[in-house]
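Each remark here refers to the structure printed beneath this line.
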Amino acid sequence: MGKSKALFAGLCAVALVGTMGLAGCTQDNGSQNSSQGANSEQQNTAEPTASEPAEEVVLQIFAANSLTKAMADAQALYTEQHPNVKFGDTQYEGSGTLNEMLEAGQYADILITASKGTMDTAEENGYVDAATRQTMFTNQLVIVTKAGGPLVGQDITLEQIAAGDYTLSVGDENVPAGNYAAQSLSTVGAYTEPDGATGADATGKGGEWSASLLPKITFGAKVGDVCKYAETGDVDIALVYTSDVYRMGGVEICSIVPDDTHKAIVYPGAVTAQSENAQAAADFLEWCMTDDDCAKIWQEWGFDIAA
């Protein structure tokens, strides 16, 4: 009996030790698994589950009136490619009027004018950030008449206009197209600058129209209005841009005004000094100049990208 008791006691001791060892292993493994689970949870918490959406931006643009159709198409394409960027109520006015609006404190992120001179004025007055300024587009000055009218197909010259052969419409002094028209007609004596400058050396502002021509001129506050006068037949002809023929319709080109009779027709653009979205505005201007699909829009509406 003594030997049996001793053997039984030994077996119990072995079993007890084994049980304790197993429990210890189980506890260690549980602690390790818990630690790994916590680390994994921390890692999952640190990593974003979805990308944050880009902040929405609304850009306000002041643009030359001749850009009406082309700019609207460009804005739609840009928003399609950049859904977080929207556009406010874009103002299309004569370039001089746009400067007056900025002077009066109206807000804009971007200014695009139809002449170097009007952008120079904006820069001199601190309306735009000069570092963002770039020449964007070019255009041509043309003589148009009512589509299907009696003057279609005639090659009308500046000399004929100066002689008073036709009634015509041109932009007023706040409209770059009107300045270009005055510059061109100064080369044939129909417009005289105070300092006697003519053609590309003239400003097309502050001068006098010849007594024989002035009664035959209807002035427009926007180049679109100028084109409309010819379309309706209120005047025989109008001096507008090639792009106006595309966007307005209802008129046909009689002749192209010689480039050497006026300053180069360019469209400078810049971010305004007051812009609260300067980087987004600069990105849009750059896109206008470099995107292939956008280039097709400008060409469709009669503009050329500046070299």
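Read left to right, the sequence shown gives residues -23 to -1, 1 to 284 (mature numbering (1 follows the signal peptide of the UniProt record, and there is no 0)). Every residue, glycine too, gets a C-beta built ideally from N, C-alpha and C.
An exposed status is given to N102, since fewer than 16 other beta-carbon atoms sit within 10 Å of its beta-carbon. Residue range 228 to 233 is occupied by the beta strand (DSSP E) that includes S232.
With contacts defined as CB atoms closer than 7 Å, I120 and I214 qualify as a contacting pair. A124 and M225 have their C-alpha atoms some 11 Å from each other. In this chain, the beta strand (DSSP E) harbouring Q68 covers 68 to 70. A Cβ-Cβ separation of about 6 Å places C231 in contact with L128 under the 8 Å criterion.
In this structure, DSSP gives Q160 a helical state, which the three-state scheme calls helix. Nearest to K273 by C-alpha distance, out of T45, A31, L54, is L54.
Taking a C-beta distance under 7 Å as the contact criterion, A207 and V228 qualify as a contact pair.
Per the coordinates, the alpha-carbon of N156 lies some 18 Å from the alpha-carbon of Y69. Straight through space, the alpha carbons of E32 and F196 are spaced by roughly 45 Å. Per DSSP, the beta bridge partners of I87 are I38, V248.
Less than 7 Å divides the Cβ of S163 from the Cβ of T175.
Annotation note: the region 96 to 155 contains the following uninterrupted alpha helix (DSSP H) runs of length 4 or greater, listed N- to C-terminal: 135 to 139.
With respect to G82, V35 sits apart: the two C-beta atoms are not nearer than 7 Å.
Remark: C-beta atoms of T238 and G279 do not approach each other more closely than 7 Å.
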